[in-house]
Structure formats: structure tokens, C-alpha cells
Amino acid sequence: MNAMQSGKGFVDLFPPQSDMFTSIESQARSVFARYGCKELRTPLVEFTELFVRGIGAETDVVQKEMYTFPDRKGRSMTLRPEATAGVLRACIQHGLLSQEGLCKFFTIGPMFRYERPQKGRQRQFHQINAEVLGSRSHLADADVLFMLHAFLTEIGLSGLIYELNNLGCPQCRPMFRHALEAYYGRVRHDDLCSDCLRRIRTNPLRVLDCKAPTCREITKDAPSIADHVCDPCRSHFNQVTALLEESGLQTRRNPFLVRGLDYYQGTTFEVVSSDLGAQASVAGGGRYDGLVRELGGPDVPGIGFACGMERLAMLVSEPMPPSLDAFIATSGDHVLARAALMARKLRAEGFGVEFFYESKSMKSQFRAANKLNARACIILEDAGEGGVFLKDMLTGEQTPCSADQLAWNLRKLRAS
RNA sequence: GUGGGUGUAGCUCAGUUAGGUAGAGCACCUGGCUGUGGCCCAGGCGGCCGCGCGUUCAAGUCGCGUCAUCCACCCCA
Numbered sequence: 219m220n221a222m223q224s225g226k227g228f229v230d231l232f233p234p235q236s237d238m239f240t241s242i243e244s245q246a247r248s249v250f251a252r253y254g255c256k257e258l259r260t261p262l263v264e265f266t267e268l269f270v271r272g273i274g275a276e277t278d279v280v281q282k283e284m285y286t287f288p289d290r291k292g293r294s295m296t297l298r299p300e301a302t303a304g305v306l307r308a309c310i311q312h313g314l315l316s317q318e319g320l321c322k323f324f325t326i327g328p329m330f331r332y333e334r335p336q337k338g339r340q341r342q343f344h345q346i347n348a349e350v351l352g353s354r355s356h357l358a359d360a361d362v363l364f365m366l367h368a369f370l371t372e373i374g375l376s377g378l379i380y381e382l383n384n385l386g387c388p389q390c391r392p393m394f395r396h397a398l399e400a401y402y403g404r405v406r407h408d409d410l411c412s413d414c415l416r417r418i419r420t421n422p423l424r425v426l427d428c429k430a431p432t433c434r435e436i437t438k439d440a441p442s443i444a445d446h447v448c449d450p451c452r453s454h455f456n457q458v459t460a461l462l463e464e465s466g467l468q469t470r471r472n473p474f475l476v477r478g479l480d481y482y483q484g485t486t487f488e489v490v491s492s493d494l495g496a497q498a499s500v501a502g503g504g505r506y507d508g509l510v511r512e513l514g515g516p517d518v519p520g521i522g523f524a525c526g527m528e529r530l531a532m533l534v535s536e537p538m539p540p541s542l543d544a545f546i547a548t549s550g551d552h553v554l555a556r557a558a559l560m561a562r563k564l565r566a567e568g569f570g571v572e573f574f575y576e577s578k579s580m581k582s583q584f585r586a587a588n589k590l591n592a593r594a595c596i597i598l599e600d601a602g603e604g605g606v607f608l609k610d611m612l613t614g615e616q617t618p619c620s621a622d623q624l625a626w627n628l629r630k631l632r633a634s
């Protein structure tokens with residue numbers, strides 16, 4: 219019988235990586251709470267149509283990357299490939315958007331995309347998402363970026379590049395699109411890669427961030443989106459960048475930054491690192507003012523971002539392994555039960571305590587204590603009341619200790 | 001979906017050039033230390049050499065296939 223294996227792109231998270239995930243998540247909760255975001259947990263499975271309408275039927279995510287399957291009644295269901303659509307659906311469904319005021323939520327959890335795995339990319343991956351619904355103000359854009367920056371800084375990341383672009387609105391974007399189509403229509407077709415020849419028809423904006431050298435060369439002289447946005451879009455974006463500049467948050471304008479999800483418009487951004495290989499982007503987001511309405515809700519604007527946990531975890535340094543307050547070393551089978559009861563009592567008082575379920579040599583028990591980074595060893599020689607010794611594992615000093623005084627002594631050791 | 005790299009002990013990897021009975025380090029166990037740790041020393045446990053077919057007297061090594069995995073393209077977090 220062959221040993222069972224996980225599916226391609228579905229990975230197990232062991233320490234220290236699982237510890238890093240936990241630590242990143244708790245810092246996210248702490249930062250987002252200060253910014254007034256509440257945690258929302260939405261289903262991992264939604265009706266397929268939600269993503270088709272939300273992300274865009276023509277996007278790669280929807281066309282070839284979704285885990286889609288019929289349920290028992292033949293309805294098409296999909297494992298969520300991103301979080302925003304589900305969050306908006308939940309807010310619409312529960313009537314949160316029909317009132318005045320902001321809706322600010324974050325959500326943490328797994329996403330699923332059927333892709334070939336590579337560095338920084340799995341089929342099940344984890345994101346931290348934040349959404350602010352209900353404001354068109356440039357202050358919302360800036361505040362969301364402040365929050366993202368605060369989070370990334372608090373988990374210890376510096377040297378990240380914050381790229382910004384303005385994608386325009388449904389009024390002005392078509393003009394830019396026409397300009398692009400006209401420009402690329404004039405260049406010699408065999409100079410563009412085959413992907414870009416296709417993109418000219420499907421989504422000309424995507425040609426802008428093609429990595430093929432010849433395409434980049436051609437794109438250098440392509441019309442700039444900055445020259446084609448309408449006045450309201452231009453002024454909104456300028457206000458955002460002015461505020462960011464005033465805050466001291468370093469950003470970089472990237473006119474070729476185009477995001478792959480159709481719902482983005484206006485301010486879009488991406489945070490990239492140079493230490494991640496090909497998947498350089500640790501976070502990305504932007505404004506999606508038409509999306510709530512597209513999903514059947516009221517005309518409520520929104521802005522949000524997503525961070526990739528796996529990519530964050532590759533950048534943060536490993537947390538220190540937790541140390542143990544005491545390891546109980548037993549002298550034989552006759553004290554195992556006493557060790558278990560003693561461990562239970564000390565653990566209930568807040569100490570980290572370990573012991574073996576089988577009696578082993580003292581040598582192997584002390585080795586285990588070292589490996590677990592135990593501050594002290596409790597040596598049990600007697601199944602009755604006495605025979606207890608406490609050994610400081612740093613100094614090697616070993617003294618008799620009554621069972622009642624263990625907690626007091628462990629607390630003292632912990633403080634020293 | 002396409003391209004390239006890699007599959008040998010629990011982990012990291014030598015060994016493949018030139019076919020000849022399977023190696024190291026780490027980890028684990030035991031002992032030196034007459035029940036007391038880290039360092040050191042000695043010993044031990046542990047391998048269908050990813051899987052299948054072929055070439056050969058003989059294959060971890062050569063050929064074909066297959067699976068897995070990693071990296072990259074595409075795209076995204």
C-alpha cells in the first residue's frame with residue numbers, strides 16, 4: 219500500500235512556519251483593530267456566479283484557475299480564489315450597506331487557485347484581506363494604505379516598495395483603452411509576443427506589464443494612463459499621493475501597474491519585495507467602486523487589499539522557540555502517575571511543563587529537557603509526598619524542594 | 001497548459017564522468033559517566049537508490065516511459 223500524499227500545491231505547515239503564521243495573524247488582528255476593522259469570516263465555498271460576476275468572466279482567475287464543482291443538486295460551487303467578492307456578498311446579504319456610515323472588515327484564511335505551484339505560490343494559500351466600504355474620499359485610500367503599511371512594518375518588514383497607479387474610472391478608462399488599441403495597432407505585429415497579440419483584443423491594459431523585452435521596448439512609448447484620466451480621477455489620485463507624501467510613506471508611481479482582477483479602478487497599489495523570486499508581490503489592492511452594485515447591492519464604493527501569508531512568512535525572521543518552565547524527570551514507573559498529576563497542577567497555574575509517558579533513563583530525560591529549552595527540571599524520586607528536587611538548568615544547581623513550593627520557585631526562576 | 005532542474009537513510013546531500021555487493025553529516029538510541037543535561041569520544045538503529053520496462057554476466061550509475069517535487073513562463077497574494 220502506497221503512503222498517502224497531499225495533493226499538488228496543498229502543503230502542510232509545521233513549526234516554525236506555523237508559528238510564524240500565527241504570529242503574523244495576531245499582529246494583523248491587533249493593527250487592524252486599531253484602525254477600526256472588525257474580523258469577518260465568510261464561507262470558503264460560494265456559488266460560482268459570485269466570482270464570475272465579481273472578478274470578471276474574462277480574467278485568468280475565472281477562466282482557468284478556479285476549483286469549481288457541482289454540488290449534489292447540480293449547482294456550480296467554487297472554492298474561493300479571493301476574499302473580496304465573498305465579503306461584499308455577505309455585507310449585501312445582511313443589509314450592512316443600506317445604512318449610512320462605513321463598513322470596515324478584515325478576513326484571514328485560505329484561498330484556492332488551480333495553478334502550477336512554484337516559489338511563493340500554492341494551490342491552497344492564505345491571505346489577510348481588508349475592505350473599507352462606503353466612502354469615495356481620498357482619505358479612505360490613504361487610510362487603507364496607512365493601515366497596510368502599519369501592519370507590514372509591525373511584523374518587521376522594511377525595504378518594501380509601495381507601487382501606486384491610477385486606473386481611471388468607467389468614464390475615462392475606455393478612452394485610454396482606445397488610445398492603447400490605436401497605438402498597438404500601429405506597431406508591427408511580429409514585434410509583440412503572442413500573448414500580447416491576444417491581449418490587445420481581450421484586455422489591452424495587460425500589455426503594459428508584459429515582461430517580454432521586445433514588448434517592454436514598445437510599451438515604453440505607449441500612451442500613459444496619466445494623460446488620459448478625467449479631471450475628477452486625476453484630482454482624487456493627486457490628493458491621495460499628496461497625503462501619502464506628507465505622511466512620509468515612500469511610494470513609487472508605476473504607470474504599468476495593472477491588476478488582474480477586473481473590478482479595480484482608480485487608485486491601485488502593490489507592495490513588492492526583491493527577495494521573493496518571481497512572485498515579488500506581497501500585497502495588492504485598490505479601489506472597486508462599481509463592485510457592490512455589480513453583485514446586486516446598493517451603489518456603495520469600496521477599497522481594500524490582500525496580503526499573501528506565505529510570502530510574508532518568507533520575509534519575516536523566525537520567532538524564538540517558546541521555552542519550557544520545567545521538565546519533570548522521573549526515576550521509574552512508580553512515579554509516572556505522580557508526574558502526570560504534578561504536571562496538570564503546574565500547567566493549571568500557567569507553567570509550561572513536559573514529562574515522558576514512559577520511564578526512560580535519566581540521561582535521555584535530561585537531553586529532552588535541553589532540547590525543549592527547559593528552564594528547570596523537577597526530579598521525582600518518590601511516589602509519596604517527598605523525594606522532589608528542583609534543578610536550575612542554567613546553573614546546574616539542584617536542591618530538594620517540597621511540592622507546594624514548586625510554583626513559587628519556578629516563578630522565581632522565570633523572573634531571573 | 002508550456003519549458004528546465006532534481007528524486008539515494010527521518011533531514012541535508014555525496015556517489016552517476018569511466019556499470020562491479022550502499023556512503024557522510026545532522027537527528028535518534030546505547031555506552032564512556034556504578035539513574036543527572038549541553039561539549040567530547042566510541043558503538044548502534046536506519047535505504048525496493050521515486051516507480052516500471054529495457055540494455056548487460058552485472059544498473060543507484062546507461063536508454064525509454066511514468067509519477068512526484070522544485071524553479072520559471074502565464075497570472076496573481
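Note that the working numbering has the first sequence beginning at 219, numbered continuously upward.
Don't be surprised by glycine CBs; every beta carbon is placed ideally from N, CA and C.
Given the structure is predicted, the values throughout are model-derived calculations rather than measurements.
Residue i - DSSP class collapsed to helix/strand/coil
| i | result |
| --- | --- |
| Met-222 | coil |
| Phe-573 | strand |
| Ala-601 | coil |
| Asn-347 | strand |
| Met-284 | coil |
| Gly-503 | strand |
| Thr-302 | helix |
| Ser-541 | coil |
| Met-611 | coil |
| Cys-309 | helix |
| Gly-403 | helix |
| Glu-372 | helix |
| Cys-433 | helix |
| Arg-395 | helix |
| Val-606 | strand |
| Val-263 | strand |
| Arg-471 | strand |
| Lys-291 | coil |
| Lys-438 | coil |
| Asp-517 | coil |
| Leu-366 | helix |
Start-to-end residues for the alpha helix (DSSP H) that takes in residue i
| i | result |
| --- | --- |
| Val-553 | Val-553 -> no alpha helix (DSSP H), and no H or E assigned at all. |
| Ala-586 | 580–589 |
| Ala-460 | 449–465 |
| Val-510 | 509–512 |
| Arg-296 | The identity of residue 296 in the sequence shown is Thr, whereas the question assumes Arg. Note, Thr-296: premise wrong, no alpha helix (DSSP H); beta strand (DSSP E) at 294–297. |
| Phe-269 | 266–273 |
| Ile-521 | Per DSSP, Ile-521 belongs to no alpha helix (DSSP H); it is in the beta strand (DSSP E), 520–526. |
| Leu-415 | 412–420 |
Distance CB(residue i)-CB(residue j) smaller than 7 Å
| i | j | result |
| --- | --- | --- |
| Pro-328 | Gly-227 | no |
| Thr-302 | Leu-258 | no |
| Thr-286 | Thr-266 | yes |
| Thr-277 | Gly-526 | no |
| Ala-557 | Leu-598 | yes |
| Cys-255 | Ala-348 | yes |
| Pro-441 | Tyr-401 | yes |
| Pro-299 | Val-279 | yes |
| Phe-369 | Val-249 | yes |
| Leu-462 | Ala-360 | yes |
| Leu-378 | Ser-491 | yes |
| Gln-235 | Ala-531 | yes |
| Gly-550 | Ser-577 | yes |
| Gly-338 | Arg-471 | no |
| Gln-245 | Ile-373 | yes |
| Phe-455 | Asn-384 | yes |
| Leu-628 | Ala-544 | yes |
| Val-510 | Leu-357 | no |
| Val-458 | Gly-386 | no |
Residue i: CB within 6 Å of a non-hydrogen atom of the ligand MN
| i | result |
| --- | --- |
| Asn-421 | This structure simply doesn't include the ligand MN, nor any ligand for that matter. |
Opening and closing residue of the beta strand (DSSP E) in which residue i lies
| i | result |
| --- | --- |
| Gln-245 | From DSSP, Gln-245 is part of no beta strand (DSSP E) but of the alpha helix (DSSP H) over 235–252. |
| Pro-618 | 616–618 |
| Glu-381 | 379–384 |
| Cys-321 | 321–330 |
Cross-strand partners of residue i (DSSP beta bridge)
| i | result |
| --- | --- |
| Asn-627 | Per DSSP, none; premise fails for Asn-627. |
| Val-489 | Tyr-380, Ala-501 |
| Gln-483 | Arg-505 |
| Ile-546 | Phe-573, Ile-596 |
| Gln-336 | Arg-339 |
| Lys-256 | Phe-323 |
*State whether the region 618–633 contacts the region 591–607, with contact taken as three or more CB pairs (one from each stretch) at a distance under 8 Å.*
yes
_the region 514–531 contacting the region 491–502, beta-carbon criterion three pairs below 8 Å_ = yes
*Check whether the region 352–366 touches the region 302–313, taking contact to mean three or more Cβ pairs, one atom from each stretch, closer than 8 Å.*
no
*Between the region 553–573 and the region 584–598, do at least 3 Cβ pairs fall closer than 8 Å?*
yes
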